[in-house]
Amino acid sequence: MEEYLAELNDAQRAPVLQKDGPMIVIAGAGSGKTRVLTYRIAYLMHQGVDSFNILSLTFTNKAAREMKKRIASIVGPSEAKNLWMGTFHSIFAKILRFEADKLGYPSNFTIYDTQDSQRLIASIIKEMGLDKDIYKYKQVYSRISSYKNSLITVKAYFQNAELVEADAMAKRPRMGEIYQNYVERCFKAGAMDFDDLLLKTNELLNRFPDVLAKYQNRFRYILVDEYQDTNHSQYLIVRALSDKFQNICVVGDDAQSIYAFRGANINNILNFQRDYDDVQQYRLEQNYRSTKNIVEAANSIIDKNKTKLDKVVWTANDPGPKIIVNRLLTDGDEGRFVASSIFENQMQHQLPNGDFAVLYRTNAQSRAIEDALRKRDIKYRIYGGLSFYQRKEIKDVLAYLRLIINPKDEEALKRVINYPARGIGATTVDKLIVAANHYDRSIFEVIENLDRINLKINSGTKTRLQNFMTMIKSFQVTNQTSDAFVLAEMVAKKTGLLQELKKDGTPEGIARIENIEELLNGIRDFVEGQKELADETGSLAEFLEDVALATDLDQDTGDDDRVALMTIHLAKGLEFPHVYIVGMEEDLFPSGMSMNTRSELEEERRLFYVALTRAEKQAYLTYTQSRYRWGKLVDAEPSRFIEEIDDQYLEYLTPVEGYRYKPLIDSDIFGEVDKSKLRLKKPVSGSPPLAHKPNEEQLRKLRKLRPTSDPVSNDTKTNLLDNNLIPGTAVEHMRFGRGKILKIEGVGQDKKAEIHFEKGGIKKLLLRFAKLKVL
Ligand code: ATP
Ligand code: MG
Numbered sequence: 001m002e003e004y005l006a007e008l009n010d011a012q013r014a015p016v017l018q019k020d021g022p023m024i025v026i027a028g029a030g031s032g033k034t035r036v037l038t039y040r041i042a043y044l045m046h047q048g049v050d051s052f053n054i055l056s057l058t059f060t061n062k063a064a065r066e067m068k069k070r071i072a073s074i075v076g077p078s079e080a081k082n083l084w085m086g087t088f089h090s091i092f093a094k095i096l097r098f099e100a101d102k103l104g105y106p107s108n109f110t111i112y113d114t115q116d117s118q119r120l121i122a123s124i125i126k127e128m129g130l131d132k133d134i135y136k137y138k139q140v141y142s143r144i145s146s147y148k149n150s151l152i153t154v155k156a157y158f159q160n161a162e163l164v165e166a167d168a169m170a171k172r173p174r175m176g177e178i179y180q181n182y183v184e185r186c187f188k189a190g191a192m193d194f195d196d197l198l199l200k201t202n203e204l205l206n207r208f209p210d211v212l213a214k215y216q217n218r219f220r221y222i223l224v225d226e227y228q229d230t231n232h233s234q235y236l237i238v239r240a241l242s243d244k245f246q247n248i249c250v251v252g253d254d255a256q257s258i259y260a261f262r263g264a265n266i267n268n269i270l271n272f273q274r275d276y277d278d279v280q281q282y283r284l285e286q287n288y289r290s291t292k293n294i295v296e297a298a299n300s301i302i303d304k305n306k307t308k309l310d311k312v313v314w315t316a317n318d319p320g321p322k323i324i325v326n327r328l329l330t331d332g333d334e335g336r337f338v339a340s341s342i343f344e345n346q347m348q349h350q351l352p353n354g355d356f357a358v359l360y361r362t363n364a365q366s367r368a369i370e371d372a373l374r375k376r377d378i379k380y381r382i383y384g385g386l387s388f389y390q391r392k393e394i395k396d397v398l399a400y401l402r403l404i405i406n407p408k409d410e411e412a413l414k415r416v417i418n419y420p421a422r423g424i425g426a427t428t429v430d431k432l433i434v435a436a437n438h439y440d441r442s443i444f445e446v447i448e449n450l451d452r453i454n455l456k457i458n459s460g461t462k463t464r465l466q467n468f469m470t471m472i473k474s475f476q477v478t479n480q481t482s483d484a485f486v487l488a489e490m491v492a493k494k495t496g497l498l499q500e501l502k503k504d505g506t507p508e509g510i511a512r513i514e515n516i517e518e519l520l521n522g523i524r525d526f527v528e529g530q531k532e533l534a535d536e537t538g539s540l541a542e543f544l545e546d547v548a549l550a551t552d553l554d555q556d557t558g559d560d561d562r563v564a565l566m567t568i569h570l571a572k573g574l575e576f577p578h579v580y581i582v583g584m585e586e587d588l589f590p591s592g593m594s595m596n597t598r599s600e601l602e603e604e605r606r607l608f609y610v611a612l613t614r615a616e617k618q619a620y621l622t623y624t625q626s627r628y629r630w631g632k633l634v635d636a637e638p639s640r641f642i643e644e645i646d647d648q649y650l651e652y653l654t655p656v657e658g659y660r661y662k663p664l665i666d667s668d669i670f671g672e673v674d675k676s677k678l679r680l681k682k683p684v685s686g687s688p689p690l691a692h693k694p695n696e697e698q699l700r701k702l703r704k705l706r707p708t709s710d711p712v713s714n715d716t717k718t719n720l721l722d723n724n725l726i727p728g729t730a731v732e733h734m735r736f737g738r739g740k741i742l743k744i745e746g747v748g749q750d751k752k753a754e755i756h757f758e759k760g761g762i763k764k765l766l767l768r769f770a771k772l773k774v775l
């Protein structure tokens, strides 16, 4: 049993062995913070603490599952089963279900995701007759979100002259009213948004001392990972729950605080000592994750930040290869470089896809990488884009399911009341909303009472509304006796959703049907899995809660081997042998929107620190010379963060002139790489040598360098070659004028066309170069 304690170093063992009292572990990346939490839980249980009394809060549910698995392997699966482990949102959603009635919510309350919330806000802005260019619904949403996370309720908002004034100054004097309407509408719909899960938990613990006492007694030992990124609302919950026993262990790294923009408050870590008595502080200094080069390069970056706690991070690992820096022409080239490099690594070292991650600052950057990976048949998964559960067809099915569980759910109802089309138009829905507001009832209740109120709708519409209601009610009856899978299948068929997509017949339509099938498979798995657990039944309500709180990382079952693509924000806490950080350019990373103040820039720098420290063996930094931003090709400059890394940790690849990645492509074909070509010292004509990090002057010259342009743009070239040109096709040539293709011969790059030009007679042109336009 104690054997596993030997898997920790002395510094890690200390916080594991200290059973009681408040403690904080502050340490750099990869030093074993998460490992300490895991082993601490196992050891608590070993000392006789009931798993029922331990609460552990993680950054993702995936992290929680992994910890649980590790703990189960130490203490045994049945012991680990009762552990409360998960994200703040998932844990407190569960608690709120038990206690919902105290706050006036039904226990089957719906959880609105960001999209639901934003739609509702957009509709409120419209109903209030406000200018949607001034009241941008996304901005309004994030304002409201930040109020909630600072525990500023509607009432508190109106009492806070400063806030009211600030919104008025921002030309949004009716912000408070929108906030109020939004809160009321959510409440009436029996819905909580993500922020409510924390806000309402706080309300619950504040208003009901007996409830607080119950959970304080229950969660005698509390552990929090990534404490640096907790917001005020989360902080207060932890504080309240741990107040009685003060057995609280938090771990974090101030250098990895990257969610300030969402209200994370670094002071939570800085003030921990002040909040509890006799806080034990632990420091871990040895990094086990990364090579010496990576650890030291990361240290050299974070050193540039002024606001930070003093910390040492060192490693006994090998120096490893230097960090590879590569400059590319365009984002397309960048994608091709990443794909080639992954391919090359795999061929040379027999590595699985899962050993690679591509990290970027913004989601939009994934497209070029995806294209290149697809061309090479390298499987990948994107995290944090549009997740499976946010796809339209999936949300449609889920909306029906949500409505069955909670017919007051306004967003769900609006989504499907006329989808598939059943002749209930937008005007009718607007009338229903007005009536619902007037009678202070839900839309569904209005439909139930159509006979008793005068809505000025024709009898045909009325019948259609009532049919819709009857259908939902019949599903509710089925829900009493069937599991979630049976019901979901019935919904997909009886509502006409599947038929609608079949009618569509396009490839997209077919893909949508497949997605719905995938959803049904998922529900079946869920039902079977839940039925095995004693305290769960596989009900629809349980499934919906899981879905509402699922993040993309959670869907990663780890079964299939894929390259991971994600934003740096999402990569926190994870590790990969090979990490590509792309788009290392000024205005992109650091983001152009964060260069106004030092603190914003420092947050970007921490983000870079997080990115680099995900790498175990090898890190790559790439930047381009020009990039499409907001639809325009703009000049890009290398990120200042590259320049901030000490020279000795970097190796610059100098691209070969012309088709620069030829060596990599050759190697793909022949299965070996000529390294001398890869690290070619010969500069691109006119550019300074780049064997070493360029100095200021060289950089300036480099930035001026533009690609030598081909007589024909790349686009035309590929278009022509990809085009299915056949004899008879009418074309136009810049010099020879109009003509008709007589014959096509050759393949690939050698493809030629024999063309009869009206004025110039018959000519043979190499399509690769031909300045041709297809008419
Ligand atoms: P981050 O700040 O990125 O969240 P962390 O401090 O939580 O990092 P862990 O993820 O716990 O660090 O550990 C980093 C890696 O080092 C993991 O692969 C972990 O298994 C390994 N590791 C940690 N401590 C030890 C140890 N004492 N012996 C061997 N491996 C260790
Ligand atoms: Mg960690």
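Heads up, the sequence shown is in full-length UniProt numbering, so the first residue is 1 and it goes up one at a time.
Glycine included, each C-beta is placed from N, C-alpha and C at the ideal position.
Beta-carbon proximity list for residue i, same chain, < 6 Å, skipping 5 on both sides
i: Tyr380; result: Leu373, Arg562, Val563, Leu565
i: Met469; result: Ile447
i: Arg218; result: none
Inter-residue spacing [alpha-carbon to alpha-carbon] between residue i and residue j
i: Ala421; j: Pro407; result: 19 Å
i: Ala488; j: Val477; result: 13 Å
i: Arg598; j: Thr114; result: 30 Å
i: Gln499; j: Ala770; result: 48 Å
i: Val36; j: Pro638; result: 38 Å
i: Asn108; j: Tyr400; result: 15 Å
i: Ser117; j: Asn454; result: 30 Å
i: Met175; j: Lys375; result: 48 Å
i: Lys244; j: Gln216; result: 6 Å
i: Thr153; j: Tyr147; result: 7 Å
i: residue 776; j: Ile74; result: As shown, the chain starts at 1 and ends at 775. That puts residue 776 outside it, with no answer to give.
i: Met67; j: Phe59; result: 12 Å
i: Ile394; j: Pro727; result: 45 Å
i: Gly739; j: Gly748; result: 22 Å
i: Tyr179; j: Ile144; result: 6 Å
i: Thr506; j: Lys392; result: 16 Å
i: Ala42; j: Val49; result: 10 Å
i: Phe194; j: Ile124; result: 19 Å
i: Glu127; j: Glu410; result: 15 Å
i: Ala122; j: Leu223; result: 39 Å
i: Tyr4; j: Asp647; result: 40 Å
i: His438; j: Pro577; result: 60 Å
i: Asp430; j: Arg441; result: 14 Å
i: Gly32; j: Ile523; result: 36 Å
i: Gly384; j: Thr362; result: 10 Å
i: Val416; j: Ala571; result: 35 Å
Beta-carbon separation (whole angstroms), residue i vs residue j, contact threshold 8 Å
i: Ile301; j: Leu612; result: 7 Å
i: Gly592; j: Tyr623; result: Contact flag wrong, Cβ pair sits at about 15 Å.
i: Arg512; j: Leu501; result: 5 Å
i: Ile258; j: Ala615; result: No, Ile258 and Ala615 are not in contact; Cβ-Cβ is about 17 Å, not under 8 Å.
i: Tyr360; j: Thr567; result: 6 Å
i: Ala255; j: Arg640; result: Not confirmed; about 18 Å, so no contact.
Cβ-based neighbour list, residue i, same chain, cut-off 7 Å, excluding 5 preceding and 5 following
i: Gly21; result: Gln246, Asn247, Asp278, Gln280
i: Leu574; result: Arg614
i: Pro352; result: Asp561
i: Phe272; result: Ile24, Val250, Val279
Residues near residue i by beta carbon distance below 8 Å, same chain, minus five either side
i: residue 788; result: Given that the chain is displayed from residue 1 to residue 775, the structure contains no residue 788 and the question cannot be resolved.
i: Ala492; result: Val397, Leu498, Ile516, Leu520
i: Leu96; result: Leu103, Tyr105, Phe109, Met192, Leu197, Lys200, Thr201, Leu204
Query raised in the report: Enumerated in chain order, which unbroken segments of the alpha helix (DSSP H) with a length of 4 residues or greater are wholly contained in the stretch 350-392?
Result: Correct list: 366-375.
Query raised in the report: Along the chain, which unbroken stretches of the beta strand (DSSP E) at least 3 residues long are found entirely within the stretch 29-96?
Result: Runs found: 54-57, 84-86.
Query raised in the report: How would the residue list near the ligand MG read, in chain order, if you kept each one whose beta-carbon is closer than 7 Å to any heavy atom?
Result: That gives Lys33, Thr34, Asp225, Glu226, Gly573.
Query raised in the report: Which ranges does the alpha helix (DSSP H) cover as unbroken runs of at least 4 residues, wholly within the stretch 470-514, from first to last along the chain?
Result: For the stretch 470-514, whole alpha helix (DSSP H) runs of length 4 or above, ordered along the chain, are 484-494, 497-504.
Report task. Could you pull out every unbroken alpha helix (DSSP H) segment of at least 4 residues lying fully inside the stretch 184-215, listed in chain order? Result -> Positions of the alpha helix (DSSP H) runs, each at least 4 residues long and wholly inside the stretch 184-215, are given as 194-207 in order along the chain.
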